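There are 2 protein chains.
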Amino acid sequence: MAPEQQHPEHDVFAAFCPSRNVFAELADKWSLLLLLSLHKLGEQRFSELQRSVVGVSRKMLTQTLRELERNGLVRRTVQPETPPRVIYGLLPLGHSLAERVAPVAEWVEDHSGSVLEARAEFDRTRCPSSGC
Amino acid sequence: MAPEQQHPEHDVFAAFCPSRNVFAELADKWSLLLLLSLHKLGEQRFSELQRSVVGVSRKMLTQTLRELERNGLVRRTVQPETPPRVIYGLLPLGHSLAERVAPVAEWVEDHSGSVLEARAEFDRTRCPSSGC
DNA sequence: AGACCTGGTCTATGTTGGAGACCGTCAGCT
DNA sequence: AGCTGACGGTCTCCAACATAGACCAGGTCT
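Residue numbers (our numbering), protein chains in the order written: chain A, 1 to 132; chain B, 133 to 264.
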């Protein structure tokens, strides 16, 4: 009866809703960048991904790709050649999500200038000179 | 001359681009949920936000709101009554971002079922019974 | 008087992320 | 023959971060 328990199924604002759980796992720097890279550049090998998403460590790359695979967004295929060739690509579910995430990344690229200005203004009025 | 240095201005995939910096600060569970809540429910006080975004601690609430304020997305107004009333609301920049983020949250709410199924399938085929 | 609400801050503790070493197999170079 | 590098990871260590909870001053309600 309590109002905060009325979200029977799907509500990212409810702490114990499965949607929140999924949201929390995806709302992360590396997950989103990997989705975007696979969406923009298509299928890539492990080392290609590491080069396209600059700055990701091998550990986080492995770990994040495993999560995306487990969540049904990414497919991992091993071609048993030598050297082994491991291809990562988006599944349909992953594509549909990446399409919603792309506008956010575009927004950031278009408005990062404004954000930087706001930061400078904030720091100027709140942290005069260096001693913040 | 190196191809990976050709992104002079705005590229979330480049490690040292300001866009990446902004992206990394925003691509976070609490930042996105706060933006969404302020977008959906409008202006809210500190304690209202804590209730609407279930599960956020006071520390992360303060810290994340400060970041959003510094980035020019959120306005913080103190009404010096007793008890003090602190109102948080989106600035135009914040609204324009929240409009891009909302479809992502909707996607999660609509597809969390599929994600959960994928997880179950993954765990079933990769971690037979309990001993993952 | 005692409990609670306001908007926070501070501290202890547990989880996480990043840096770098290591692995075996193979190709290319010298 | 040996050295180097790429491949796709795994492992360990340490610093950074998130969470839980106590604490605060001022005011209201009972």
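All residues carry an ideal CB built from backbone N, CA and C; glycine is no exception.
Remember, it's a predicted structure, so these values are computed and weren't measured experimentally.
Using a Cβ-Cβ cutoff of less than 7 Å, which residues in the same chain neighbour residue i once the five nearest sequence positions on both sides are dropped?
{"i": "His-39(A)", "result": "Leu-90, His-95, Ala-98 and Ala-102"}
{"i": "Arg-20(A)", "result": "Val-12 and Ala-14"}
{"i": "Arg-232(B)", "result": "none"}
Just checking my contact of residue i with residue j at CB under 8 Å: how many whole Å lie between their CB atoms?
{"i": "Ala-237(B)", "j": "Gly-72(A)", "result": "About 18 Å separates the two Cβ atoms, so there is no contact after all."}
{"i": "Ala-156(B)", "j": "Lys-29(A)", "result": "5 Å"}
{"i": "Gln-50(A)", "j": "Leu-61(A)", "result": "6 Å"}
{"i": "Ala-27(A)", "j": "Ala-159(B)", "result": "7 Å"}
Within this structure, are the beta carbons of residue i and residue j separated by less than 8 Å?
{"i": "Val-22(A)", "j": "Val-210(B)", "result": "no"}
{"i": "His-10(A)", "j": "Ser-244(B)", "result": "yes"}
{"i": "Gln-246(B)", "j": "Leu-93(A)", "result": "Looking at the sequence provided, one finds Ser at residue 246(B) rather than Gln. Yes, Cβ-Cβ distance for Ser-246(B) and Leu-93(A) is below 8 Å."}
Once the 5 residues before and after residue i are set aside, which same chain residues still bring their CB inside 6 Å of it?
{"i": "Arg-76(A)", "result": "Glu-69 and Tyr-88"}
{"i": "Met-1(A)", "result": "Unreliable positioning characterises Met-1(A) in this predicted model, as indicated by a pLDDT of 39, which lies under 50. A coordinate reading is not provided."}
{"i": "Asp-255(B)", "result": "none"}
{"i": "Glu-4(A)", "result": "At Glu-4(A) the pLDDT is 39, less than 50, meaning the model places this residue with poor confidence and gives no usable figure here."}
Leaving out five residues on either side along the sequence, give the residues of the same chain with a beta carbon under 8 Å from the beta carbon of residue i.
{"i": "Ser-184(B)", "result": "Ser-169, Leu-173 and Gln-176"}
{"i": "Glu-213(B)", "result": "none"}
{"i": "Cys-149(B)", "result": "His-139, Glu-141, His-142 and Asp-143"}
{"i": "Glu-199(B)", "result": "Glu-157 and Ser-163"}
{"i": "Gln-195(B)", "result": "none"}
{"i": "Pro-83(A)", "result": "none"}
> Taking one C-beta from the stretch 168 to 180 of chain B and one from the stretch 217 to 224 of chain B each time, how about it: are there three or more such pairs within less than 8 Å?
Replying inline: yes
> Residues in the stretch 176 to 193 of chain B with C-beta within 7 Å of chain A's C-beta atoms, listed in sequence order?
Replying inline: Ser-184, Val-185, Val-186 and Gly-187
> Three or more beta-carbon pairs under 8 Å between the stretch 154 to 166 of chain B and the stretch 184 to 198 of chain B, yes or no?
Replying inline: yes
>> To be precise: take each residue of the stretch 237 to 258 of chain B, compare its Cβ to all Cβ atoms of chain A, and keep it if any distance is under 9 Å. Which residues remain?
In response: Ala-237, Glu-238, Trp-239, Val-240, Glu-241, Asp-242, His-243, Ser-244, Gly-245, Ser-246, Val-247, Leu-248, Glu-249, Ala-250, Arg-251, Glu-253, Phe-254, Asp-255 and Arg-258
>> By the 7 Å beta-carbon criterion, what residues does the stretch 13 to 24 of chain A contribute toward chain B?
In response: Phe-13, Ala-14, Ala-15, Pro-18, Ser-19, Val-22, Phe-23 and Ala-24
>> Residues of the stretch 215 to 230 of chain B in Cβ contact with chain A at a cutoff of 9 Å, in chain order, please.
In response: Leu-223, Leu-225, Ser-228 and Leu-229
> Quick one, which residues of the stretch 201 to 213 of chain B are near chain A if we go by CB-CB under 9 Å, in chain order?
Replying inline: Glu-201, Arg-202, Asn-203, Gly-204 and Leu-205
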